[in-house]
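This report refers to the structure that appears directly beneath it.
Chains as they are written, first to last, in this note's numbering: chain Y, 719 to 1018; chain R, 177 to 546; chain S, 115 to 354.
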């Protein structure tokens, strides 16, 4: 039974990773930018909500109403002031500028908040520890379930938004061919900035959930970036539904890794990531030689 | 074009010959360092040499092969770890430093096919994952005591003065050797091919450049170089803590040095290394603000001075001290289109463009002139 | 007054000067065919008028207003639409989405999803297919339809017959003729002189970035155009 509980926990953890990876994947899909400050932006939002909750006693959930638009504005400004110019300078320059930004955010937060680990768990009352029992002596944390549900809704909603609204279609058109998008009346600069706003706000949401689930410190960002990236790559880069699958695979791997060794949590995640990469490489090489079919046909 | 403008193709100019001579003299003087300088200066210079190695290695990766790695600390840490292991099993301490770096370099060979197939940003974080994994696995080794770390006790066999001198000489020799190897490599066929890859991978492939082979050589070299920097760091600091050696700050330093000095210029990495060394000397004690400053400076340089200090200088005055490329010198004077010369120079001198990807419609549309 | 006036336009690709001091006008209801060999500067000229290429010098007036500095997306809203060379559909999106995405940012007018589909009935069964899966002729129809969705006052067409099967060219031109008859103002670039003369009211020939012949279509002979096309006049002048 413990294994089923662990499996379920892994899946739910995967929901968090999918939520975290959503913005990273989206930004890459639209602008071909891998934002190395993604994790730090998530932590920035967590710190913001922590500050609001701690100073005013407002529930972190309510604080999100202030924090998320603020994160969206940060994303919008980031695109306009930094990423736009980076992109014009070449494919690799956004990596350098976002890495620089990551360093600035991390250390800025450290300067302001100090090195202490904090958590939003005390600010959301019993909800942090509540769990539902389902038959068979299996317990599911309600917070984990909420995060999973939010991830599914966000990913699904984003997908619907992209296919069924004119702004969504404009984003897809710009992602595919910004030059031609301008020719059908789309202001590509504006669309990019909107996409960045969505990506950064979703990162912020993930950051707040992280802070509710466990503890975080100013230097937690890079680890979150790596998790998000692993989820994206495992699920197939640029695909929103793939991101959910990738997150779940990562979550399960980490949960089972943790059963084997205290450090296994992280190690298992990294190893699954590398194995998936190697698998793709092997599959690619196989394809080049005529695919699995030919290989078997020759054997027979 | 004029009737008979004739050119000669040159690899070096009078200035660069002078610079080469000056560099040789400098190395000879530096080689006598421990006999000439105070202990403090010798220690500082040793640190400077390590920074130079890191800068030149990262520049070879990103500036020439177009591989932005944020995980070179993997090799920095692994080199030091292997050196500790070797020393533990009885290998002499200085040979252990060298062999440890070599082992880490060799370890890069099985990693490279996996990583080099990743696109720009994916490669960057992919390497970071490798570094994190290396960090976690090394910390599992009981010999290391987890994050507490361990000391390279064998170094105590040498008196502090001897140790200082040996470290200095080893760092100097390593820096000179690696810089020379990178210089020769980039000057040769490999240099032309990796730059072609960086500027346009598909085009390079189509004219027969062996893309993966070129990247692999640079990747190995950079892994070995960073590992050697790691073992040298171990020799100077004696203690090994996984957190420090596998820390992301090494990448931050490397990016800073190369961006400020000049991405894709050989001299730029050296200039960047020296500048970083001075900045650290002056502001390193301010801790967090120092790091914020490094990050902000890196952003500013990437956005507004993408060729760095040296690259900008080079563009403005056409100075090349250690010429990697070729230059055209006109023999006949009746050449009526200086534009063409400028264009030829421009083509040779604009490596900062990495992979052009234009967002703004129009200003450099890929459409052919109809 | 002319709808489009181009004055002394210069456009460059780096050091290469693609368009040199071009001046011409297009009045409402006219169809100007821009002819010339590969590399004559036609595509660059069209892209510059659409705002996709920034000019080096000169002015572009539309409806009497200087639009030289107006970005491409905003030019669409004042009524200039370009069907780019190579069609450039959003291949990952469906035909319907391709049409809708343009319709959302253009002006309102007679062209809607329904009227465009009436004009290009071959698109109707393919509406929910991804644009990348269409045949060349269908793609060209979709590209023209996408431009029409914005209800342009001036339609710029770049090499609409390029790479199409003869039967598809026929179909595209039949639709074009209908469009022109309905009073559209069109500026089209074409390699096929016969086709161009068939639909155009005016003809301009470009050579090495300059317009070297501009006439009303009925005053021009095929021979004159061919001569201008290959720059034979100049060659003759040089030899005599």
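Yeah, the Cβ is synthetic: ideal placement off N, Cα and C, and Gly gets one too.
| Item | Value |
| --- | --- |
| Exposed unless 16 or more other CB atoms sit within 10 angstroms - verdict on residue 758 (chain Y) | buried |
| Neighbouring residues, chain Y, relative to residue 211 (chain S) (Cβ below 7 Å) | 887 |
| Segment contact flag, the stretch 730-740 of chain Y with the stretch 956-975 of chain Y, C-beta cutoff 8 Å, min 3 pairs | yes |
| Listed by chain order, chain S residues near residue 890 (chain Y) by CB distance under 9 Å | 204, 206, 207, 211 and 215 |
| Residue 253 (chain R): contacting residues in chain Y (beta-carbon distance under 9 Å) | The contacting residues do not exist; residue 253 (chain R) stays about 15 Å from chain Y at best. |
| Alpha-carbon to alpha-carbon, residue 132 (chain S) and residue 330 (chain S) | 25 Å |
| Exposed unless 16 or more other CB atoms sit within 10 angstroms - verdict on residue 222 (chain S) | exposed |
| Cβ-based burial, residue 765 (chain Y) [other Cβ within 10 Å; buried from 16] | buried |
| Where the alpha helix (DSSP H) containing residue 309 (chain S) begins and where it ends | 307-313 |
| Residue-chain proximity (residue 261 (chain S), chain Y), Cβ-Cβ < 9 Å | yes |
| DSSP-derived helix/strand/coil call for residue 933 (chain Y) | coil |
| Where the alpha helix (DSSP H) through residue 816 (chain Y) begins and ends | 811-831 |
| Within the stretch 426-478 of chain R, ranges of the beta strand (DSSP E) (whole runs, at least 3 residues) | none |
| Minimum C-alpha distance to residue 846 (chain Y) - residue among Y:837, Y:853, Y:854 and Y:852 | Y:837 |
| Min CB distance residue 831 (chain Y) to chain R below 9 Å | no |
| Spatial distance of residue 914 (chain Y) from residue 793 (chain Y) (CA atoms) | 5 Å |
| The beta strand (DSSP E) enclosing residue 857 (chain Y), as first and last residue numbers | 856-859 |
| Below-9 Å beta-carbon distance, residue 490 (chain R) vs any chain Y residue | no |
| Exposure of residue 263 (chain R), with buried meaning 16 or more beta-carbon neighbours within 10 Å | buried |
| Own chain, CB closer than 6 Å to residue 354 (chain R), minus 5 neighbours either side, in chain order | 229 and 401 |
| Residue-chain proximity (residue 456 (chain R), chain Y), Cβ-Cβ < 9 Å | no |
| Helix, strand or coil at residue 273 (chain S) according to DSSP, with G and I counted as helix | coil |
| Partner residues on chain R for residue 948 (chain Y), Cβ-Cβ distance less than 8 Å | 305 |
| Where the alpha helix (DSSP H) containing residue 165 (chain R) begins and where it ends | Residue 165 (chain R) falls outside the range modelled here, since chain R spans only 177 to 546, and no answer is possible. |
| Same chain only: Cβ atoms within 6 Å of residue 273 (chain S), ignoring 5 sequence neighbours per side | 199 and 303 |
| Residue burial classification, residue 266 (chain R) (beta-carbon count within 10 angstroms, cutoff 16) | exposed |
| Length-filtered (4 minimum) alpha helix (DSSP H) runs lying within the stretch 305-373 of chain R | 336-363 |
| Per-residue contacts from residue 825 (chain Y) into chain S (C-beta, under 9 Å) | Per Cβ cutoff of 9 Å: no residues; residue 825 (chain Y) is ~38 Å from chain S at best. |
| CB contact below 9 Å: residue 961 (chain Y) versus chain R | no |
| Beta-carbon neighbours of residue 971 (chain Y), restricted to chain R and to distances below 7 Å | Going along chain R, no residue has its Cβ under 7 Å from residue 971 (chain Y), so there is no contact; the nearest lies around 13 Å. |
| Beta-carbon proximity of residue 254 (chain R) to residue 315 (chain R), cut-off 9 Å | no |
| Backbone secondary structure at residue 145 (chain S) - three-state DSSP | strand |
| Helix, strand or coil at residue 225 (chain S) [DSSP, three-state] | coil |
| Residue 883 (chain Y) - DSSP class collapsed to helix/strand/coil | coil |
| 6 Å Cβ shell around residue 171 (chain S) - same chain, five flanking residues per side excluded | 124 |
| Option in R:407, R:480 and R:458 with minimal Cα separation from residue 251 (chain R) | R:407 |
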